[in-house]
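Engineer:
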Amino acid sequence: SKDCSGFIVQLPLPSHIDTNRVLSAIDPDKDADGLHPINLGKLVLSQSGVIPCTPRAIVELLRKNEISLSGKEVVIIGRGTTVGRPLSLLLSSKGIDATVTILHSKSSDIRSHTKRADIVIAALGSAH
Numbered sequence: 544s545k546d547c548s549g550f551i552v553q554l555p556l557p558s559h560i561d562t563n564r565v566l567s568a569i570d571p572d573k574d575a576d577g578l579h580p581i582n583l584g585k586l587v588l589s590q591s592g593v594i595p596c597t598p599r600a601i602v603e604l605l606r607k608n609e610i611s612l613s614g615k616e617v618v619i620i621g622r623g624t625t626v627g628r629p630l631s632l633l634l635s636s637k638g639i640d641a642t643v644t645i646l647h648s649k650s651s652d653i654r655s656h657t658k659r660a661d662i663v664i665a666a667l668g669s670a671h
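Just so we're aligned, residue 544 is where the sequence shown starts under my numbering, counting upward by one.
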């Protein structure tokens, strides 16, 4: 509808609802969170499009605080579609140029990765 300017799907959805089906049903141009498969695909391909809100906010916070990421080791703890994966793509993109390591609940020796990192970003949906 022309009267609606955007949609936000409050995640996580209840387990009986297919998240991918719901996100795919949104008009990609009205996807305020940037989680429609087309928008995530554009992010992977470094094409302009809607960037997921939380990863975009993290990048903006780093920029506003004049924290240069070029050549820095950044560890992201969390590989979710909402924050971790999109953030890793943004931080490793041309112009930001961070070296990104993604850790998750099955990663071994998390301590050594985080000690080596210049920046650690926790992007977990639950405590591990």
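Cβ atoms here follow ideal geometry from the backbone N, Cα and C, with glycine treated the same way.
None of the values given here were measured: they were computed from a predicted structure.
Go ahead and pull the three-state DSSP assignment for E603.
Structural biologist: Reading the sequence shown from its first residue, position 60 is the one you call residue 603. If DSSP states are grouped into helix, strand and coil, E603 belongs with the helices.
Engineer: For E616, list the residues DSSP reports as bridge partners.
Structural biologist: Counted from its first residue, the sequence shown places residue 616 at position 73. In the DSSP output, where bridge partners are listed per residue, E616 has T642.
Engineer: Where do the ends of the beta strand (DSSP E) carrying V663 lie?
Structural biologist: Counting from 1 along the sequence shown, the entry for residue 663 is found at position 120. Run containing V663: 662-665, per the beta strand (DSSP E) assignment.
Engineer: Would DSSP call L574 helix, strand or coil?
Structural biologist: Within the sequence shown, the letter at position 31 stands for residue 574. Correcting the residue identity first, residue 574 is Asp in this sequence and not Leu. Strand, per DSSP.
Engineer: With distances taken from CA atoms, which of Q553, D561, S655 is nearest D576?
Structural biologist: If you number the sequence shown from 1, residue 576 lands on position 33. Closest option to D576, Cα to Cα, is Q553.
Engineer: Closest by CA to T562, which one among D661, T624, K649?
Structural biologist: The count along the sequence shown starts at 1 and reaches residue 562 at position 19. Minimum Cα distance to T562 is reached at T624.
Engineer: For K573, which residues in the same chain have their Cβ closer than 6 Å to its Cβ, ignoring the five residues on either side in sequence?
Structural biologist: Along the sequence shown, one-based indexing puts residue 573 at 30. Contacts found: G549, F550.
Engineer: So which of I664, R659, N582, A641 has the shortest CA-CA distance to I620?
Structural biologist: Taking the first residue of the sequence shown as 1, we reach residue 620 at position 77. The shortest C-alpha separation from I620 is found at I664.
Engineer: Note down the Cα distance separating V617 from I662, rounded to an integer number of angstroms.
Structural biologist: For this step, residue 617 is matched to residue 74 along the sequence shown. For this step, residue 662 is matched to residue 119 along the sequence shown. Taking the straight line joining both Cα atoms gives about 5 Å.
Engineer: If we ignore side chains and look at the alpha-carbon of each, how far apart do K607 and A568 end up?
Structural biologist: Position 64 of the sequence shown, counted from the start, is the residue given in the question as residue 607. Position 25 of the sequence shown, counted from the start, is the residue given in the question as residue 568. The alpha-carbon atoms of K607 and A568 are separated by roughly 35 Å.
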